[in-house]
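Enquirer: Residue numbers (the working numbering), protein chains in the order written: chain A, 1 to 166; chain B, 1 to 166.
Protein chains: 2
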Amino acid sequence: MNENNVTPQTLCPVARAETVVGDRWTVLILRELFMRSHRFEEIQAQTEATPQMIAARLKKLEADGLVERRSYNKRPLRYEYHLTEKGEAFYPVVLALRAWGETWFKSPEEGRAVHYTHRSCGKPAGLGPVCEGCGQTLRHDDLIVEPDPAYQAERQERWEAFKASR
Amino acid sequence: MNENNVTPQTLCPVARAETVVGDRWTVLILRELFMRSHRFEEIQAQTEATPQMIAARLKKLEADGLVERRSYNKRPLRYEYHLTEKGEAFYPVVLALRAWGETWFKSPEEGRAVHYTHRSCGKPAGLGPVCEGCGQTLRHDDLIVEPDPAYQAERQERWEAFKASR
DNA sequence: TATATTTCCTATGAAAATCATAGTAGCATA
DNA sequence: TATGCTACTATGATTTTCATAGGAAATATA
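#1: Which bits of chain A does B:Y151 rub up against, with CB to CB less than 9 Å?
#2: Buried or exposed: where does B:S37 fall if 16 or more other Cβ atoms within 10 Å of its Cβ makes it buried?
#3: Taking the alpha-carbon positions, what's the A:D142 to A:W100 distance?
#4: In chain B, which residues lie less than 8 Å from A:F90 when you measure between Cβ atoms?
#5: CB-CB under 7 Å to A:N5, same chain, minus the five flanking residues each way: which ones, in chain order?
#6: Residues of chain A with a CB under 9 Å from the CB of B:L200: which are they?
#7: Label A:Q52 either buried or exposed according to how many other C-beta atoms from any shown protein chain fall within 10 Å of its C-beta, with 16 as the threshold for buried.
#8: By how many angstroms is the C-alpha of B:E102 removed from the C-alpha of A:E3?
#9: Going along the chain, which residues of its own chain have a beta-carbon closer than 8 Å to the beta-carbon of B:A27, five neighbours each way excluded?
#10: Kindly list, in the order they appear in chain A, the residues whose Cβ is closer than 8 Å to that of B:K123.
#11: Mind checking whether the beta-carbon of A:Y79 lies closer than 7 Å to any heavy atom of the ligand SAH?
#12: Please report how far the alpha carbon of B:R166 lies from the alpha carbon of B:R24, in whole angstroms.
#13: Which partner residues does A:T137 have in the DSSP bridge list?
#14: Helix, strand or coil, according to DSSP, for B:D142 in the structure here?
#15: Is B:R24 helix, strand or coil by DSSP?
This is the structure we're talking about:
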C-alpha cells in the first residue's frame with residue numbers, strides 16, 4: 001500500500017487526494033461507512049476483502065484523518081469506525097462515482113441500486129450533483145437513502161454467506 | 001491489475017466503477033487526458049509512472065471504453081490517446097476529487113493549482129459542482145482552464161527533467 | 001553515409017502488495 | 001467446560017509493482 005508522503009510532491013489536488021483514496025478497497029470501505037456499516041465485520045462482508053486488507057486500510061484512513069475509531073464496548077474492547085468531517089467531505093466524490101457507474105455500467109433492465117429522496121424538498125434526488133426536484137446541491141445528511149429491494153437482497157445474502165463461512 | 005469482470009458481481013455502481021478506475025495511476029492518466037496531454041510521453045512525464053504502468057493502464061482504459069487511440073502519424077506509426085464519451089463523463093468525479101483535494105490537502109498559503117472560468121457566464125467557477133458565479137452545473141467543455149503559474153512551472157519542470165533523463 | 005533523435009513502448013529481476021486460508025485474543029453465555 | 005462472538009493477526013504462495021535498461025522504426029542532422 002501507498003504510504004502517505006509527508007511532503008506533498010505536487011500542487012495537484014487530484015494527485016494528493018489519490019495518495020489517500022487511490023485504491024479500490026479504500027473507496028469501497030468509504031462507501032460502506034456512508035451506507036452506515038460501522039463494524040469491521042460488516043465492512044468485511046460487504047466489500048468481500050480479506051481482513052488484512054480492511055485492517056490495513058482502516059488504519060491508514062485513520063492516520064489520514066478520514067476515519068475515527070470509537071470504542072462501543074469495553075471488556076472485550078470493541079471498536080466501530082466512523083467518518084470524520086474530512087471523511088464526510090468525500091461524499092461528493094462517491095456521489096459522482098455513483099452517477100457515473102449508474103449511467104455507464106448498467107443495462108436498461110437493471111434498476112438503480114439505491115434510491116435517494118431529498119429531505120428538504122421531499123422529491124426524488126436523481127443522480128446529482130444537484131437535486132432533480134429542487135436544484136439544490138445534494139448533501140449526505142440531507143438524503144433519505146433507500147436501497148432497492150434487489151440490492152438490499154444482495155447485501156443480505158452477502159452477510160449471510162459471510163456468517164455461514166465461520 | 002484487476003481484469004474487468006464480464007458478469008458484474010454487484011448492483012452497486014460505485015463498486016462497478018471502481019473495477020475500472022480504482023487505481024491511482026488510472027486516475028492520474030485520466031487527469032492528464034483532461035489536462036489535454038494526449039501523448040504517451042506527456043502522460044508518462046506528468047504522472048511519473050513507469051512506461052509499463054502507463055501502457056498497461058491505457059490498454060485497459062481502451063478495453064473499458066474510456067479511451068481511444070488515434071493515429072496522428074503514419075510512418076512511423078504514432079498514436080495519441082483521447083477520451084471517449086464515457087471517459088468524458090468521468091469528469092464530475094475528477095472535479096469532485098479536485099474540490100476535496102483543494103479543501104483538505106492544502107495549507108492556506110498554497111493557492112489553487114488550476115483556475116477555472118465558466119465560459120457561459122464569464123465568472124470564476126470556484127470548486128463546483130456548480131458555478132460559483134451563476135449556479136449552473138459545471139461541464140468540462142464549458143470551462144476555461146488556467147493552471148496557476150506555480151503549477152505550470154511544476155509541470156514544465158517535470159517535463160524538462162523527463163526529457164533530460166533520456 | 002553515419003550517427004543522433006524522436007516516440008512508443010517491452011524486458012528483466014528484485015521488492016512489495018495481495019490473496020486464500022487458518023488461527024488467536026478476550027470475554028460472555030450455556 | 002464448551003461454544004460463540006467480534007476484531008483482528010500469521011503464514012506462505014501468487015501477483016503486481018518498481019527501477020533500470022533496451023529496442024524498434026522511422027526521420028533529422030552531420
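Built from N, CA and C at the ideal position, the CB exists for glycine as well. Remember, predicted model here, so these are calculated numbers, not experimental data.
Expert: In short:
#1: T10, L11, C12
#2: buried
#3: 21 Å
#4: W100
#5: At A:N5 the pLDDT is 42, less than 50, meaning the model places this residue with poor confidence; the figure from the coordinates comes in the next sentence. Contacts found: T19.
#6: Given a span of 1 to 166 for chain B in the structure shown, any question on residue 200 of chain B remains unanswerable.
#7: exposed
#8: At A:E3 the pLDDT is 43, less than 50, meaning the model places this residue with poor confidence and gives no usable figure here.
#9: It is worth fixing the name first, because residue 27 of chain B is Val in this sequence and not Ala. Excluding positions up to five away in sequence, the list reads V21, V94, L97.
#10: Ordered by position in chain A, no residue passes the 8 Å Cβ test against B:K123, which lies about 18 Å from the chain.
#11: In the structure shown, the ligand SAH is absent, as is every other ligand, since no ligand is present at all.
#12: 25 Å
#13: A:V130
#14: helix
#15: helix
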